[in-house]
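Enquirer: Just dropping this structure here.
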Ligand SMILES: Cc1ncc(COP(=O)(O)O)c(C=O)c1O
């Protein structure tokens, strides 16, 4: 195999005088904090290191490796996460004012991509588990209905896998949309390991979607912010490349790109072995977890109704039978056992595994769960209700252009929202600009762990349109 970008960075820069950016000059002498942050390998586009926006050399070779691995026509490195890729893909696949059919519960970047293009969103509401309080799969009949009601729709955006690991039948959904002439974008930020590792479910690229986005950093051994965009054909790739020029920095980090390159090489060389090891550990955890009496680990073997498939790498801990909210479980795991979860909500908590987990990780979680449940008094949590469908008064971009004022949340009911009110994790808006603020949305907001709003920093306030009752 040719030399990796990391090897080029560690070997080819020796003795060279950097009279170019960045200003630290690959030295931590002046700034010791840069020592452990990789400044010695942090360069700009100099001769021999290719250019992300016009790749011809080692970066192009890396992107071709990505396309080969995933089975795409062309793949692109992303250095500001799936977020940048999603914004670019939405831009590339739509025209101003188009109708977009998108999954409610999708990541904020999809909504922002829609707002930037002035798109008219139509939402698909995935099935919902009242026991776990989480979205499940999207059914083909839901999409068929939306396609019938909105023959003008031009773009479909799907999230698969979902944040908690729910999979939908992408082959069927993509075929349906393509049959009606829609372009399809799949936000597979959480599924970079799918389709390239034997034993895991099929990946999104195989469904034939026009563009697929993968965060490498979420599940594979790669630095935060690293991701990939895949295009299904040459024409789509040209449009995507143009849009990526708009949405990606003109100073891409070579540290991040070396991480992407290293990650892809690792998968190519040792993917089979590493996948088997990961799956073995997951399977040992799941069989051990069958002994838990109060916590229930979501499993593809006995799926709740409405779950088409599951990414086994996500360990969703159902808390209904334990009598303690997922948030309390998360807190106890953190304080008593030194375990930090990805998400802890009202009815469930999410332990996210990755290829980099050590051997001791999952046995430690299992042991902690067993200890916690052994001391719990009897109790059961009430089931959750899905949010009612939102009432949109206008599109997000129309609302974002209008004057707004800040109101205490409890005085905003019935008014029209002027901002994205986003719940973290997972970063999905509860309300979009232009939607009427419902009592149910306000209740969900009160129950949310963390939110981000335009009025961030002013606890309990939300932005509503002025004079729009
Ligand atoms: C479903 C989904 N899509 C996209 C993103 C954005 O990914 P990134 O953080 O790589 O920009 C996230 C982030 O959590 C996500 O959960």
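In the numbering used here, the protein residues as written are 8 to 476.
The beta carbon of each residue, even a glycine, is placed where N, CA and C say it ideally should be.
Applying the 10 Å Cβ sphere with the 16-neighbour rule, what's the burial state of residue 17?
Expert: Position 10 of the chain shown, counted from the first residue, corresponds to residue 17. Its Cβ having fewer than 16 others within 10 Å, residue 17 is exposed.
Enquirer: How would you label residue 233, buried or exposed, when you count the other beta carbons within 10 angstroms and need 16 or more for buried?
Expert: Locating residue 233 in the chain shown gives position 226, where the first residue counts as 1. The residue in question, residue 233, is buried, as its Cβ has 16 or more Cβ neighbours within 10 Å.
Enquirer: Roughly how many angstroms separate the alpha carbons of residue 411 and residue 387, rounded to a whole number?
Expert: Here the question's residue 411 lines up with position 404 in the chain shown. Here the question's residue 387 lines up with position 380 in the chain shown. Taking the straight line from one Cα to the other gives about 42 Å.
Enquirer: Where residue 152 and residue 76 are concerned, what is the direct C-alpha to C-alpha distance, given to the nearest angstrom?
Expert: Counted from its first residue, the chain shown places residue 152 at position 145. Counted from its first residue, the chain shown places residue 76 at position 69. Taking the straight line joining both Cα atoms gives about 35 Å.
Enquirer: Return the residue from the list 59, 25 and 67 that minimises the CA-CA distance to residue 48.
Expert: Here the question's residue 48 lines up with position 41 in the chain shown. Checked all of 59, 25 and 67; the closest Cα to residue 48 is 25.
Enquirer: Suppose the cutoff is 8 Å on Cβ atoms and the five residues either side in sequence are ignored; what does the same chain contact list for residue 11 look like?
Expert: Position 4 of the chain shown holds residue 11. Excluding positions up to five away in sequence, the list reads 265, 268, 269 and 272.
Enquirer: Anyone know if the C-beta pair for residue 200 and residue 191 falls short of 9 Å?
Expert: Within the chain shown, numbered from 1, the residue matching residue 200 stands at position 193. Within the chain shown, numbered from 1, the residue matching residue 191 stands at position 184. No.
Enquirer: What do you reckon, are the CB atoms on residue 28 and residue 258 nearer than 9 Å?
Expert: Here residue 28 is taken as the residue at index 21 of the chain shown, counted from 1. Here residue 258 is taken as the residue at index 251 of the chain shown, counted from 1. The answer is yes: Cβ separation under 9 Å.
Enquirer: Can you grab the Cα-Cα spacing for the pair residue 372 / residue 346, in whole Å?
Expert: In the chain shown, residue 372 corresponds to position 365, counting from 1. In the chain shown, residue 346 corresponds to position 339, counting from 1. Between residue 372 and residue 346, the C-alpha separation is close to 7 Å.
Enquirer: Among 443, 285, 436 and 181, which residue has its Cα nearest to the Cα of residue 367?
Expert: In the chain shown, the residue the question calls residue 367 occupies position 360. Considering only alpha carbons, the answer is 285.
Enquirer: Between residue 106 and residue 128, is the Cβ-Cβ spacing less than 9 Å?
Expert: Sequence index remark: in the chain shown, residue 106 carries index 99 (1-based). Sequence index remark: in the chain shown, residue 128 carries index 121 (1-based). Result yes, Cβ atoms of residue 106 and residue 128 sit closer than 9 Å.
Enquirer: Answer with yes or no whether the minimum CB distance from residue 57 to chain B is below 9 Å.
Expert: As a matter of chain content, chain B is missing from the structure shown, which is built from one protein chain.
Enquirer: Can you tell me whether residue 408 is buried or exposed? The criterion is at least 16 other CB atoms within 10 Å of its CB, across all chains shown.
Expert: Indexing the chain shown from 1 puts residue 408 at position 401. Residue 408 comes out exposed.
Enquirer: Could you say which of 275, 288 and 296 lies nearest to residue 73 if we only look at CA atoms?
Expert: Within the chain shown, residue 73 is the residue found at index 66, counting from 1. Ranking the options by Cα distance to residue 73, first place goes to 275.
Enquirer: Mind checking whether residue 281 and residue 362 have CB atoms under 9 Å apart?
Expert: Within the chain shown, residue 281 is the residue found at index 274, counting from 1. Within the chain shown, residue 362 is the residue found at index 355, counting from 1. It is a contact, given that the beta carbons lie within the stated cut-off.
Enquirer: Is it the case that the CB of residue 270 approaches a heavy atom of ligand 1 more closely than 8 Å?
Expert: On the chain shown, residue 270 is found 263 positions in, with the first residue counted as 1. Checking the Cβ of residue 270 against ligand 1 gives no.
Enquirer: Does the contact criterion of 3 or more C-beta pairs under 8 Å hold for the region 415-423 versus the region 330-343?
Expert: No, the region 415-423 does not touch the region 330-343.
Enquirer: What whole-angstrom Cβ distance do residue 39 and residue 390 have, given they're in contact under 8 Å?
Expert: For the purposes of this step, residue 39 is taken as the residue at position 32 of the chain shown. For the purposes of this step, residue 390 is taken as the residue at position 383 of the chain shown. Rounded, the Cβ-Cβ distance is 54 Å, inconsistent with contact.
Enquirer: Give the secondary structure of residue 277 by DSSP, where H, G and I count as helix, E and B as strand, and everything else as coil.
Expert: On the chain shown, residue 277 is found 270 positions in, with the first residue counted as 1. Three-state DSSP puts residue 277 in a helix.
Enquirer: What are the complete alpha helix (DSSP H) segments, minimum 4 residues, inside the region 52-138?
Expert: Listed in chain order, they are 65-77, 88-100 and 115-123.
Enquirer: In chain order, what residues of the same chain lie with their CB nearer than 6 Å to the CB of residue 351, ignoring the 5 residues before and after it?
Expert: The sequence position of residue 351 within the chain shown is 344, counting from 1. Correct list, in chain order: 333, 334 and 337.
Enquirer: Return yes when the Cβ of residue 278 is within less than 9 Å of the Cβ of residue 301, no when it is not.
Expert: Taking the first residue of the chain shown as position 1, residue 301 is located at position 294. Taking the first residue of the chain shown as position 1, residue 278 is located at position 271. The answer is no: Cβ separation not under 9 Å.
Enquirer: According to the neighbour-count rule (16 or more other Cβ atoms, all chains shown, within 10 Å of its Cβ), is residue 446 buried or exposed?
Expert: In the chain shown, the residue the question calls residue 446 occupies position 439. Classification for residue 446: exposed.
Enquirer: Would you say the region 235-250 touches the region 90-101, given that touching needs at least three Cβ pairs under 8 Å?
Expert: A contact exists between the region 235-250 and the region 90-101.
Enquirer: What residues are listed by DSSP as bridge partners for residue 379?
Expert: In the chain shown, counting from the first residue as 1, residue 379 sits at position 372. Paired residues: none, contrary to the question.
Enquirer: So is the beta-carbon of residue 432 under 8 Å away from any non-hydrogen atom of ligand 1?
Expert: Locating residue 432 in the chain shown gives position 425, counting from the first residue. Yes, the beta carbon of residue 432 sits closer than 8 Å to at least one heavy atom of ligand 1.
Enquirer: What is the DSSP secondary structure of residue 242, reduced to helix, strand or coil?
Expert: Position 235 of the chain shown, counting from 1, holds the residue named residue 242. Three-state result, residue 242: helix.
Enquirer: So, helix, strand or coil for residue 413, using DSSP?
Expert: What you label residue 413 is simply residue 406 of the chain shown in a count that begins at 1. Three-state DSSP puts residue 413 in a strand.
Enquirer: Between residue 211 and residue 167, which are expected to be in contact by the criterion C-beta below 8 Å, what is the C-beta distance as a whole number of angstroms?
Expert: For the purposes of this step, residue 211 is taken as residue 204 along the chain shown, with counting starting at 1. For the purposes of this step, residue 167 is taken as residue 160 along the chain shown, with counting starting at 1. With a Cβ gap of about 6 Å, residue 211 and residue 167 count as contacting.
Enquirer: Along the chain, where does the beta strand (DSSP E) that runs through residue 431 open and close?
Expert: In the chain shown, the residue the question calls residue 431 occupies position 424. Looking at the DSSP string, the run of the beta strand (DSSP E) that includes residue 431 is 428-431.
Enquirer: With contact counted as at least three CB pairs below 8 Å, one residue from each stretch, are the region 238-258 and the region 101-117 in contact?
Expert: Not touching, per the Cβ criterion.
Enquirer: Report back the beta-carbon spacing between residue 435 and residue 424 to the nearest angstrom; my notes put them in contact at under 8 Å.
Expert: The residue you call residue 435 lines up with position 428 of the chain shown. The residue you call residue 424 lines up with position 417 of the chain shown. Actually they do not touch by this definition, with Cβ atoms about 15 Å apart.
Enquirer: Is the separation between the beta-carbon of residue 114 and that of residue 196 shorter than 9 Å?
Expert: Indexing the chain shown from 1 puts residue 114 at position 107. Indexing the chain shown from 1 puts residue 196 at position 189. Yes, the Cβ-Cβ distance between residue 114 and residue 196 is below 9 Å.
Enquirer: For ligand 1, any of its heavy atoms closer than 8 Å to the Cβ of residue 232?
Expert: Here residue 232 refers to the residue found at position 225 when the chain shown is read from its first residue. Under cutoff, so the answer is yes.
Enquirer: Going along the chain, which residues of its own chain have a beta-carbon closer than 6 Å to the beta-carbon of residue 475, five neighbours each way excluded?
Expert: For this step, residue 475 is matched to residue 468 along the chain shown. Cβ neighbours of residue 475 beyond the five flanking positions: 423.
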